[in-house]
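> Taking our numbering, the leading residue of the sequence shown gets 68, the next gets one more, and so forth.
We put the CB at the ideal spot given by N, CA and C, even for glycine.
Quick caveat, the model's predicted, so the values are computed rather than measured.
Shown below is the structure under consideration.
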Amino acid sequence: MDKPSRAASDTVFYGVLSCLEKQTFVPGQRLIEADLATAFGVSRNSIREALQRLVAEGVIELLKHKGAVIRVLGFKETMAVLDVAELMSGLLLRSASMNREAQKPRDVLEQSLQEMVDADTVRDDLSFNRSRRQFYRALLDLADNRELRRLFPMIGMPLVYAQYRLPSLQQIRIQDYRLFLDVVLHNRVDVAEDIGRRHVQNVRACICENYSRR
């Protein structure tokens with residue numbers, strides 16, 4: 068794939084993920100190539116390339132007679148995603164906490180967390196999600212692990228959060244991200260992995276409680 072084609076594919080790939088966060092797209096929704104090409108201003112070939120990437124990362128699936136559809140996670144599938152996310156989050160935070168030198172990502176962590184708190188206060192979900200992405204990018208910068216950077220976005224959490232839009236999840240994030248920040252700023256390597264994993268455990272407990280009420 069040449070650079071212009073890759074850039075166009077990226078526009079669609081990240082655009083679909085962004086639309087999931089904004090609730091412009093929802094799980095189970097059909098994605099029509101012509102509509103996507105118009106919405107993102109790219110060629111049909113670029114749309115197909117992006118859709119194949121989204122299939123590979125488990126965000127969409129190609130169904131006979133329906134085409135590309137945003138994947139709907141069953142409860143068991145959601146738990147499987149969270150099992151992987153728990154391990155990866157522990158590794159991410161432990162790796163990030165070992166970095167004693169890079170100051171800029173630390174500054175970004177502090178700023179992003181404050182922006183999330185501010186966004187939550189005014190119920191600005193778009194700003195909250197944008198700052199959350201910046202927060203995790205800073206953690207990945209601190210972790211400085213190429214494989215982790217490659218694999219972490221593929222876990223499937225965007226689908227989980229798209230299906231479970233629970234107000235309590237946002238509060239869990241803010242509380243746990245404060246612990247993340249403390250771990251990184253004070254290089255608390257000894258507890259980092261446990262705190263990273265506990266965050267996903269908290270998310271799992273919240274989702275399970277919600278599911279049990281249905």
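1) CB-CB under 7 Å to valine 270, same chain, minus the five flanking residues each way: which ones, in chain order?
2) With a 10 Å radius around its C-beta and 16 neighbouring C-beta atoms as the bar for buried, classify serine 164 as buried or exposed.
3) Could you tell me the alpha carbon to alpha carbon distance between isoleucine 99 and cysteine 275, rounded to whole angstroms?
4) Can you name, in chain order, every residue of its own chain whose Cβ lies under 8 Å from the Cβ of arginine 138, other than the five neighbours on each side?
5) To the nearest angstrom, report how far apart glutamate 168 and leucine 252 are at their CA atoms.
6) Bridge partners for isoleucine 137 per DSSP, in chain order?
7) Can you tell me where the alpha helix (DSSP H) with threonine 105 in it begins and where it stops?
8) Rounded C-beta distance between serine 76 and alanine 104? I'm assuming under 8 Å.
9) Whose C-alpha, out of Arg265, Arg232, Arg255, Asp243, is nearest the C-alpha of aspartate 192?
10) Out of Asn212, Ile241, Asp185, Ser85, point me to the one whose CA is closest to histidine 266's CA.
11) Measuring alpha carbon to alpha carbon, tell me which residue in Arg111, Arg200, Leu158, Asp102 is nearest valine 256.
12) Classify arginine 97 as helix, strand or coil using the three-state DSSP reduction.
13) Taking the Cβ atom as the reference point for each residue, do serine 162 and asparagine 212 lie within a distance shorter than 7 Å?
14) Could you tell me the alpha carbon to alpha carbon distance between arginine 82 and arginine 204, rounded to whole angstroms?
15) Does the beta-carbon distance from glycine 263 to serine 179 come in below 7 Å?
16) Candidates Ala135, Arg200, Ala74: which alpha carbon is nearest glutamate 182's?
17) What three-state label does DSSP hand isoleucine 222 in the structure shown?
18) When DSSP labels each residue in this structure, what does leucine 233 get in the three-state scheme?
19) Only counting the same chain, and skipping five residues up and downstream in sequence, which positions put a Cβ closer than 6 Å to that of aspartate 208?
20) Can you look up phenylalanine 92 in the DSSP assignment and give me helix, strand or coil?
21) Got a sec: does the ligand FMN put a non-hydrogen atom nearer than 6 Å to the Cβ of glutamine 237?
22) Could you tell me which of Gly141, Phe80, Ser85 sits nearest to asparagine 112, measuring between CA atoms?
23) Assuming the contact rule is C-beta atoms closer than 8 Å, phenylalanine 142 and tyrosine 278 should be a hit. Round their C-beta distance to whole Å, please.
Looking at the atomic coordinates:
1) If you ignore the 5 residues before and after valine 270, its C-beta comes within less than 7 Å of the C-beta of Leu149, Leu236, Ile239, all in its own chain and listed in chain order.
2) With 16 or more Cβ atoms within 10 Å of its Cβ, serine 164 is classed as buried.
3) Cα to Cα, isoleucine 99 sits roughly 33 Å from cysteine 275.
4) Result list for arginine 138: Pro94, Gly125, Val126, Ile127, Glu128, Leu226, in chain order.
5) Computed Cα separation, rounded: 11 Å.
6) DSSP output for isoleucine 137 lists Ile127 as bridge partner(s).
7) For threonine 105, the enclosing alpha helix (DSSP H) covers residues 100-107.
8) The pair is not a contact, with the Cβ atoms about 12 Å apart (cut-off 8 Å).
9) Looking at Arg265, Arg232, Arg255, Asp243, the one whose alpha-carbon comes closest to that of aspartate 192 is Arg232.
10) Of Asn212, Ile241, Asp185, Ser85, the residue nearest in Cα terms is Ile241.
11) The residue with the shortest Cα to Cα distance from valine 256 is Leu158.
12) Looking at arginine 97 - three-state DSSP - the assignment turns out to be strand.
13) In this structure, asparagine 212 lies closer than 7 Å to serine 162 by Cβ.
14) In the sequence on display, residue 82 carries glycine and not arginine. When rounded, the distance between both Cα atoms is 17 Å.
15) Inclusion of glycine 263 and serine 179 in the CB contact set at 7 Å is not warranted, their separation being larger than that value.
16) Nearest C-alpha to glutamate 182: Arg200.
17) Here isoleucine 222 carries a coil assignment [DSSP, helix/strand/coil].
18) In the three-state DSSP reduction, leucine 233 falls in the coil class, being neither helix nor strand.
19) Pro172, listed in sequence order.
20) Of the three classes helix, strand and coil, the one that applies to phenylalanine 92 here is coil, per DSSP.
21) This structure does not include the ligand FMN; it has no bound ligands of any sort.
22) Comparing Cα positions, the closest option is Phe80.
23) Indeed, because the Cβ distance is near 6 Å, the residues count as touching under 8 Å.
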